[in-house]
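Let me begin by presenting the structure, written as structure tokens, before commenting on it.
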Amino acid sequence: MAFCSQANLSNISSCLCQTTTTHLGLPVLYATVFLSGLPGNALSLWIFVAKIPAKTATHIYLINLGISNLMLCLTMPFLGAYYAMGASWPAPSSMCQLAINGLTPVLHTNIGVGMMSLTWLALSRFATLIQLKHGRRPSRCIKVLPDVILSRLRQTPFALGVCLGTWAIVAMAIIPSVAIYSMKEMNRVEDGSEEVCYSVAVEVGGSGSQAFALAGIVMFFLCLLLVLSAYTAVIRHFYRSRNSTSISDRQKVYSRVFRNIVVIQVVLLVCLLPHHVYKAIFIKMAWTPSPFAEDVLMCHPMSMPVEVKNVFLCLATLRCSTDPIMYFLLDKTFKKHTLRLFRVAPSTQSSQASRTVGECG
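If you're matching positions, the sequence shown starts at 0 in numbering that gives the first Met the number 0 and goes up one per residue.
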């Protein structure tokens with residue numbers, strides 16, 4: 000049942016009510032993500048940085064993703080505390096200001112960096128696989144994208160530049176949004192109408208921050224379109240490959256790697272797609288005020304949509320604890336060093352595949 004802890008409100012209908020899902024469920028989930036994701040991503044970064052001397056473009060993208068995931072994991076305790084106690088924090092308090100001005104930009108910056116890193120990783124894998132020729136005909140994608148572009152996608156210096164550029168672009172997009180959000184839209188909290196941190200002003204925002212959120216949604220779907228286009232092209236490439244009279248062992252290895260990528264991308268879509276789709280719906284609901292009251296407590300009509308939004312946000316951040324599994328499945332060199340670290344001997348076939356993938360990045 001929803002409840003409102005804002006006892007000092009003169010208009011109870013402006014109270015953003017919480018259910019057990021927000022007050023208890025989300026803190027438990029964020030604690031679980033933190034406890035599983037922090038050691039997993041720290042170990043992954045240590046293996047990538049210290050144990051793999053010859054780094055390919057793929058390793059650079061995965062390191063960048065690992066850094067982003069580690070930063071995202073560090074926000075989990077604060078997110079859990081916010082959902083557990085934010086309805087009792089005064090809006091001007093240091094904890095509330097930390098959540099608004101510190102937690103929000105770090106959280107959304109790393110969600111954006113993670114999605115763009117995955118996109119570049121997909122394009123890098125696409126370039127690696129698509130340049131494998133079979134029979135007498137190269138892939139049609141080589142006719143659309145010049146060979147120099149496909150080659151650069153696989154180069155380590157290019158990957159480093161792309162990763163730095165990704166952080167810069169996302170930061171430049173997030174900082175103005177946070178500035179508008181904290182300086183202008185949060186003034187509604189300071190006028191006495193909403194006295195706690197977990198409020199409509201914080202959770203719904205205003206037209207300025209919502210406009211930036213829409214830009215982020217558009218960017219997500221552009222990245223998604225690139226990933227789906229790349230994998231569609233690779234599917235066609237391998238379909239023609241299987242019809243060829245000669246298929247090398249290397250192509251078989253890449254086919255296996257490709258299947259792993261597809262499985263992981265499906266998992267990532269399950270995490271990220273609902274968050275961005277519902278965010279667009281949520282913004283539309285925020286722009287269309289409803290006189291409907293939630294229940295006899297006269298909760299704010301956006302109380303339940305806010306809770307659904309926060310559940311999907313939790314689903315999006317869940318990716319940071321599952322990505323180390325993706326590294327294990329995606330990169331054979333990482334898998335070999337991880338198994339060696341835990342004193343598990345990789346199979347001969349796996350070692351051979353590791354050498355093959357290492358050669359072709």
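Ideal Cβ placement from N, Cα and C applies to all residues, glycine included.
These numbers were taken from a predicted model, which means no experiment stands behind them.
Specify the secondary structure class of Pro89 as computed by DSSP and reduced to three states.
-> strand
Val203, DSSP secondary structure in three states | coil
Would you please state the rounded distance, in angstroms, between the beta carbons of Phe311 and His274? I believe it to be under 8 Å.
-> 4 Å
For the alpha helix (DSSP H) that contains Ala167, what are its first and last residues?
-> Thr155 to Ile179
Rounded straight-line distance, which links the Cα of Ala86 to that of Glu194 = 9 Å
Gly191 versus Glu202 - alpha carbon distance | With a pLDDT of 44 at Gly191, under the threshold of 50, the predicted position of this residue should be treated as unreliable, and no value is reported.
Residues near Leu69 by beta carbon distance below 6 Å, same chain, minus five either side = Asn40
Do Met103 and Val177 have their CB atoms nearer than 8 Å?
-> Note that residue 103 is Thr in the sequence shown, not Met. Result yes, Cβ atoms of Thr103 and Val177 sit closer than 8 Å.
Asn109 vs Ser67 beta-carbon contact at 8 Å | yes
Comparing alpha-carbon positions, which option in Val226, Ala80, Leu120 and Cys319 lies nearest Gly24?
-> Ala80
Runs of alpha helix (DSSP H) lying entirely within the region 51 to 121, each at least 4 residues, in chain order | 56 to 73, 75 to 84 and 93 to 97
Status (buried if at least 16 other CB within 10 Å, exposed otherwise) for Val269 | exposed
Selected residue, minimal CA-CA separation from Thr20, among Thr155, Met303, Lys334 and Thr316 = Met303
Using the rule of at least 16 other Cβ atoms within 10 Å of the residue's Cβ for burial, across every protein chain shown, is Val341 buried or exposed?
-> Residue identity differs from the one stated: residue 341 is Phe in this sequence, not Val. Under this definition Phe341 is an exposed residue.
Can you grab the Cα-Cα spacing for the pair Val32 / Val305, in whole Å?
-> 21 Å
Measuring alpha carbon to alpha carbon, tell me which of Gly160, Ala126, Tyr277 and Lys50 ends up nearest Thr231.
-> Ala126
Going by other Cβ atoms of all chains shown within 10 Å of its Cβ, with 16 needed for buried, is Arg318 buried or exposed?
-> buried
Can you find a CB in chain D that lies within less than 8 Å of the CB of Leu314?
-> Protein chains in the displayed structure number just one, and chain D is not present.
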